[in-house]
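Have a look at the structure below, then the notes.
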Amino acid sequence: MGAVEALVRKSPYATPRGFAVEPSREAVDAMTKAASANGGTADIDSVQDLGFMYNCNLADPDGHVWVAMWINPAAIPSGK
């Protein structure tokens, strides 16, 4: 098993089909913390907080960059 697979299996958000994340800013922070605790690098760029959108970039142990992001559903136009 590679480092990425090991990290994914340890994540509390991992499912057999990918990631199932509760939509919240806290989930973004938890994913970043889990990456750091399992050999990844958290906050490789500054956290971006625009109020309606919150994200941070992290690198897994193999150096792949991931973006953990939350968007407030109430801020999305309804299209009506």
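Residue numbering for the sequence shown follows the numbering used here, starting at 169 and increasing by one per position. Where a beta carbon is used, it is the ideal one built from N, C-alpha and C, also for glycine. All figures in this text were calculated on a predicted structure; none of them were measured in a lab.
Item                                                                                                           : Value
Measure the C-alpha to C-alpha separation of LYS201 and PRO245 and round it to an integer number of angstroms. : 31 Å
Please state whether DSSP places VAL233 in a helix, a strand or coil.                                          : strand
Can you name the start and end residues of the beta strand (DSSP E) that ALA243 belongs to?                    : ALA243 -> no beta strand (DSSP E), and no H or E assigned at all.
Taking the C-alpha atoms as reference points, what is the distance between VAL235 and ASP211?                  : 10 Å
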